[in-house]
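Under numbering that gives the first Met the number 0, the first residue of the sequence shown is numbered 0, with each subsequent residue one higher. Right, one structure below, let's go through it.
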Amino acid sequence: MNIKNALLSISLVLSLALTASSQIRVYEDGKLPADSRLGELRHLNNYFPFDVPEDIDSWKQRQAQLRKRLLVANGLWPLPERTPLNAKVFGKTEREGFTVEKVYFESYPGHFVSGLLFRPTESNGKHPAVLSPHGHGGRLQDHGDGIKGLIENGDEVYEASGRFPKLARCAQLARMGCVTFIYDMEGYVDSLQLPMEVSHRLNNARPDLESPEQWGFFSAQAEMRLQSIMGVQTWNSIRALDFLTSLPDVDAKRIGITGGSGGGTQTIVLGAIDDRPVVSFPQGMVSTDMQGGCPCENCNLLRVDTGNVELAGLFAPRPIAMTGANDWTSEIQTKGYPELQKLYGLYDKPEDVFCVSYLQFGHNYNYVTRRVMYHWFNKHLGLGHKEPIVEKDYQLLTDEQVHVWDDEHPAPEAGVAHEVKLLKAIDDASKKQLEKLIADAEDPAATFKEIHGEAIKSIIIHGLPKSDDLEREKVKKVARDGYIEFGDILRNKVTGAELPVVSLFPTEQEWNKTVVIWLSGEGNAGLYDAEGKLNATIQKLLSTGSSIISADLLYQGEFLKEGKSVESQRLATTTNRAVSAYTFCYNHTLFSHRVHDALSLISFVAN
Numbered sequence: 000m001n002i003k004n005a006l007l008s009i010s011l012v013l014s015l016a017l018t019a020s021s022q023i024r025v026y027e028d029g030k031l032p033a034d035s036r037l038g039e040l041r042h043l044n045n046y047f048p049f050d051v052p053e054d055i056d057s058w059k060q061r062q063a064q065l066r067k068r069l070l071v072a073n074g075l076w077p078l079p080e081r082t083p084l085n086a087k088v089f090g091k092t093e094r095e096g097f098t099v100e101k102v103y104f105e106s107y108p109g110h111f112v113s114g115l116l117f118r119p120t121e122s123n124g125k126h127p128a129v130l131s132p133h134g135h136g137g138r139l140q141d142h143g144d145g146i147k148g149l150i151e152n153g154d155e156v157y158e159a160s161g162r163f164p165k166l167a168r169c170a171q172l173a174r175m176g177c178v179t180f181i182y183d184m185e186g187y188v189d190s191l192q193l194p195m196e197v198s199h200r201l202n203n204a205r206p207d208l209e210s211p212e213q214w215g216f217f218s219a220q221a222e223m224r225l226q227s228i229m230g231v232q233t234w235n236s237i238r239a240l241d242f243l244t245s246l247p248d249v250d251a252k253r254i255g256i257t258g259g260s261g262g263g264t265q266t267i268v269l270g271a272i273d274d275r276p277v278v279s280f281p282q283g284m285v286s287t288d289m290q291g292g293c294p295c296e297n298c299n300l301l302r303v304d305t306g307n308v309e310l311a312g313l314f315a316p317r318p319i320a321m322t323g324a325n326d327w328t329s330e331i332q333t334k335g336y337p338e339l340q341k342l343y344g345l346y347d348k349p350e351d352v353f354c355v356s357y358l359q360f361g362h363n364y365n366y367v368t369r370r371v372m373y374h375w376f377n378k379h380l381g382l383g384h385k386e387p388i389v390e391k392d393y394q395l396l397t398d399e400q401v402h403v404w405d406d407e408h409p410a411p412e413a414g415v416a417h418e419v420k421l422l423k424a425i426d427d428a429s430k431k432q433l434e435k436l437i438a439d440a441e442d443p444a445a446t447f448k449e450i451h452g453e454a455i456k457s458i459i460i461h462g463l464p465k466s467d468d469l470e471r472e473k474v475k476k477v478a479r480d481g482y483i484e485f486g487d488i489l490r491n492k493v494t495g496a497e498l499p500v501v502s503l504f505p506t507e508q509e510w511n512k513t514v515v516i517w518l519s520g521e522g523n524a525g526l527y528d529a530e531g532k533l534n535a536t537i538q539k540l541l542s543t544g545s546s547i548i549s550a551d552l553l554y555q556g557e558f559l560k561e562g563k564s565v566e567s568q569r570l571a572t573t574t575n576r577a578v579s580a581y582t583f584c585y586n587h588t589l590f591s592h593r594v595h596d597a598l599s600l601i602s603f604v605a606n
């Protein structure tokens, strides 16, 4: 008989069972399940290959799932309200071929993004624009006396502008006709409301910022709300695009984005979730190797079962290019670039992805790499310049000309007080937004399911497994008084998960074709009472003719050495910093694993 058609109902029963000893053990004494999840946790220095789907429809489905997950992971699902930017543009400085102006605006009310706006001197009509997240080192990164060695090595050409490579690319792009905005990462230059020690260098937990009334970044309260430095910086990038595309001299249909190192990570993420950029050059982070070492490049959920090469591929089919160097991108020509070429081939656009490696250089966004970027943007923004494009030197900007805050434009509130206020305001705004979206919806129930259901899918990640992915190994069958007790091993051939499963089938009553899936805090032991007998609820279910199936979910029952219960989740061992994203950016939580186990039971029973 087809069990799927025979089942009249599948019941899920949640129970907090008392501690008890199961009458049946599936595995031999002392043996643990051969479950892949008991192995080493993944971390940012692992290998992250990109397995390209064989057809475009499969890729588009995967692309949509990952884009939504990136929004959820960054705490941006649904996207927050775009509050007024209240942008200020002032303090123009003129240089040959371009001008520089100071900028600040509010990404959230009271939280400011600062930066410099480079414009072509010839400013008639609308121009293409480039958004430039800078990466670690800051937009004012200064090589100082080290520029001489960089020139000798071939990294740079000019002693003046080469000292400040991030400003050099903005100056040249402006000369090429692009309005270019370079903006501060949190903790750098003029963006000091969330200081460097919090945004990038936090090592230890802060017990005074862990309460439901007052919490800071990296606290349990923040992580439960998916609030992170990465999320704030991603929202800053979205609002920076809002600012850039609102300028009267910008052609909003010709937007490029490029950044290096941490700015390369921001370029990847922004390009994945925002359709406005039409060309991208994420430098120094498209790699199957190290995925980004700073807390600002990691947030929970982001890279579970994926990595930077696939995340960069979310930009497809829009043109994207990068270079490799003698760093974690050194193998990009054989690990990453071929997969991106295959991906773009699905769109019949293999020419719209490009990578060249310069292994004589270390981690960089140097003159040689910038030259590749200029060519790419010249081509795909339709700038019309004769190739090759040669970057020119320029007169350096003074300290006064590159800093935003002054007596007329005083710096805003900063430090712990602002951090606490910002996180509380984001949380309050999110709650109000969700309430309003559901209250104003034509079908509130459907809207609730869309918003919350899609978020839960992105958090759990794995859905109901296919029946073909599951494999049952029969281990034991014991006749009891009024029922038969089965012990089986249920394997997921795709994920490598393996569960000890106990099933009870009534013999004194005719089976009523109902299967109850019994989930307990004690696993299989939850079927029994303290004396080792079936608990009263299970006895009642059997007496009505129902059968019962239970399992030890991950780190329950037979997963435990010497029966010791799990008191905390395992953490990746690459760092001792108090940042959960170093583990859960790359690994499922224990809760998610147990949901996967429950879904495996459901699929097994239903099929």
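Cβ atoms here follow ideal geometry from the backbone N, Cα and C, with glycine treated the same way. These numbers were taken from a predicted model, which means no experiment stands behind them.
Best match in R138, G176 and E155 for proximity to L166 [C-alpha to C-alpha]: What you label residue 166 is simply residue 167 of the sequence shown in a count that begins at 1. Nearest neighbour of L166 by Cα position, chosen from R138, G176 and E155, turns out to be R138.
Where S20 sits in the DSSP three-state scheme: Within the sequence shown, the letter at position 21 stands for residue 20. Here S20 scores only 41 on pLDDT, less than 50, and its place in the model is too uncertain to base an answer on.
Local conformation of C295 per DSSP, three classes: Working through the sequence shown from its first residue, we reach residue 295 at position 296. In the three-state scheme derived from DSSP, where H, G and I count as helix and E and B as strand, C295 is classed as helix.
The region 495–505 touching the region 585–605, judged by at least three CB pairs closer than 8 Å: Yes: at least three Cβ pairs fall under 8 Å.
Top-ranked residue by Cα proximity to F242, from P211, K532, I150 and L130: Here residue 242 corresponds to residue number 243 of the sequence shown, with the count starting at 1. The residue among P211, K532, I150 and L130 with its C-alpha nearest the C-alpha of F242 is L130.
DSSP-derived helix/strand/coil call for W58: As a working note, residue 58 is residue 59 in the sequence shown. Of the three classes helix, strand and coil, the one that applies to W58 here is helix, per DSSP.
Alpha carbon of L380 to alpha carbon of D351, nearest angstrom: In the sequence shown, residue 380 corresponds to position 381, counting from 1. In the sequence shown, residue 351 corresponds to position 352, counting from 1. L380 and D351: Cα-Cα distance of roughly 13 Å.
Where G344 sits in the DSSP three-state scheme: As a first step, residue 344 is located in the sequence shown; it is residue number 345 there, counting from the start. G344 falls in the helix class under three-state DSSP.
Limits of the beta strand (DSSP E) - the one that M321 falls within: Reading the sequence shown from its first residue, position 322 is the one you call residue 321. Annotation: the continuous beta strand (DSSP E) that includes M321 extends over I319 to G323.
Neighbourhood of L540 by C-beta, 8 Å cutoff - its chain only, sequence neighbours within 5 removed: Here residue 540 refers to the residue found at position 541 when the sequence shown is read from its first residue. Excluding sequence neighbours, L540 sits near V515 and I547.
Distance, K91 Cα to L589 Cα: The residue you call residue 589 lines up with position 590 of the sequence shown. The residue you call residue 91 lines up with position 92 of the sequence shown. Near 54 Å, if we compare the C-alpha coordinates of K91 and L589.
Rounded C-alpha distance that separates A320 from F353: As a first step, residue 320 must be located in the sequence shown, where it is residue number 321. As a first step, residue 353 must be located in the sequence shown, where it is residue number 354. If you take the alpha carbons of A320 and F353, they lie about 5 Å apart.
At least three beta-carbon pairs within less than 8 Å, the region 439–456 to the region 119–136: By the Cβ rule, the region 439–456 does not count as touching the region 119–136, because fewer than three pairs are nearer than 8 Å.
Straight-line gap, R200 to A550 (C-alpha atoms, nearest Å): As a working note, residue 200 is residue 201 in the sequence shown. As a working note, residue 550 is residue 551 in the sequence shown. Using only the alpha carbons, I get a separation of about 42 Å.
Buried or exposed (CB count within 10 angstroms, at least 16 for buried), K101: Along the sequence shown, read from residue 1 onward, the residue named residue 101 stands at position 102. Note on K101: 16 or more other CB atoms within 10 angstroms of its CB, so buried under the neighbour-count rule.
Neighbourhood of Q555 by C-beta, 6 Å cutoff - its chain only, sequence neighbours within 5 removed: Looking up residue 555 in the sequence shown gives position 556. So the qualifying residues of the chain are G522.
Residues near E296 by beta carbon distance below 7 Å, same chain, minus five either side: Locating residue 296 in the sequence shown gives position 297, where the first residue counts as 1. The answer, listed in chain order, is M229, G261 and T264.
Beta-carbon proximity check, T233 vs N73, cutoff 8 Å: The count along the sequence shown starts at 1 and reaches residue 233 at position 234. The count along the sequence shown starts at 1 and reaches residue 73 at position 74. Yes, the pair counts as a contact, with Cβ atoms nearer than the cut-off.
Segment limits, alpha helix (DSSP H) that includes L541: Position 542 of the sequence shown holds residue 541. Run containing L541: A535 to S542, per the alpha helix (DSSP H) assignment.
Cα-Cα separation, E309 to F49: On the sequence shown, residue 309 is found 310 positions in, with the first residue counted as 1. On the sequence shown, residue 49 is found 50 positions in, with the first residue counted as 1. So the alpha carbons of these two residues sit roughly 6 Å apart.
Three or more C-beta pairs below 8 Å linking the region 485–493 and the region 466–477: Short answer: they touch.
Per-residue burial, R227 [other beta carbons within 10 Å of its own, 16 or more giving buried]: Along the sequence shown, one-based indexing puts residue 227 at 228. Reading off the sequence, residue 227 comes out as Ser, not Arg. With at least 16 other beta carbons inside 10 angstroms of its own, S227 counts as buried.
R66 versus N203 - alpha carbon distance: By 1-based counting over the sequence shown, the position of residue 66 is 67. By 1-based counting over the sequence shown, the position of residue 203 is 204. Spanning the two alpha carbons is a distance of roughly 32 Å.
Exposure of H595, with buried meaning 16 or more beta-carbon neighbours within 10 Å: Within the sequence shown, the letter at position 596 stands for residue 595. The residue in question, H595, is buried, as its Cβ has 16 or more Cβ neighbours within 10 Å.
Continuous alpha helix (DSSP H) stretch holding H592: start and end: The residue labelled residue 592 in the question sits at position 593 within the sequence shown. From DSSP, the alpha helix (DSSP H) with H592 extends over L589 to A605.
Cut-off 7 Å between Cβ atoms - residues of its own chain near L433, not counting five sequence neighbours on either side: Here residue 433 corresponds to residue number 434 of the sequence shown, with the count starting at 1. For L433, where only same-chain residues beyond five positions count, the Cβ hits under 7 Å are I450.
Status (buried if at least 16 other CB within 10 Å, exposed otherwise) for M223: Walking along the sequence shown from the start, residue 223 turns up at place 224. The residue is exposed, with fewer than 16 neighbouring Cβ atoms inside 10 Å.
Cβ shell of P349 (< 8 Å), same chain only, five flanking positions each side left out: Position 350 of the sequence shown, counting from 1, holds the residue named residue 349. Same-chain partners within the cutoff: Q340 and Y343.
Beta carbon of I388 nearer than 8 Å to that of M175: Within the sequence shown, the letter at position 389 stands for residue 388. Within the sequence shown, the letter at position 176 stands for residue 175. Taking 8 Å as the Cβ cut-off, I388 and M175 qualify as a contacting pair.
Buried versus exposed, by CB contacts within 10 Å (16 or more), N235: Along the sequence shown, read from residue 1 onward, the residue named residue 235 stands at position 236. It counts as buried.
The region 330–338 in contact with the region 81–98 per 3-pair CB rule at 8 Å: With the cut-off at 8 Å, the region 330–338 and the region 81–98 do not touch.
Which residues DSSP lists as bridging S549, in chain order: Stepping through the sequence shown from its first residue, residue 549 is reached at position 550. In DSSP, S549 forms a bridge with V501 and W517.
Proximity below 8 Å, CB of T244 to CB of F280: By 1-based counting over the sequence shown, the position of residue 244 is 245. By 1-based counting over the sequence shown, the position of residue 280 is 281. For T244 and F280, no; Cβs fall outside 8 Å.
Short Cβ contact (8 Å threshold) for L650 with R593: Nothing about residue 650 can be reported from this structure: the residues present for the chain run from 0 to 606 only.
The region 147–161 touching the region 357–365, judged by at least three CB pairs closer than 8 Å: Because the criterion of three Cβ pairs below 8 Å is met, the region 147–161 and the region 357–365 touch.
Alpha carbon of H374 to alpha carbon of E386, nearest angstrom: In the sequence shown, residue 374 corresponds to position 375, counting from 1. In the sequence shown, residue 386 corresponds to position 387, counting from 1. Their Cα atoms are separated by approximately 7 Å.
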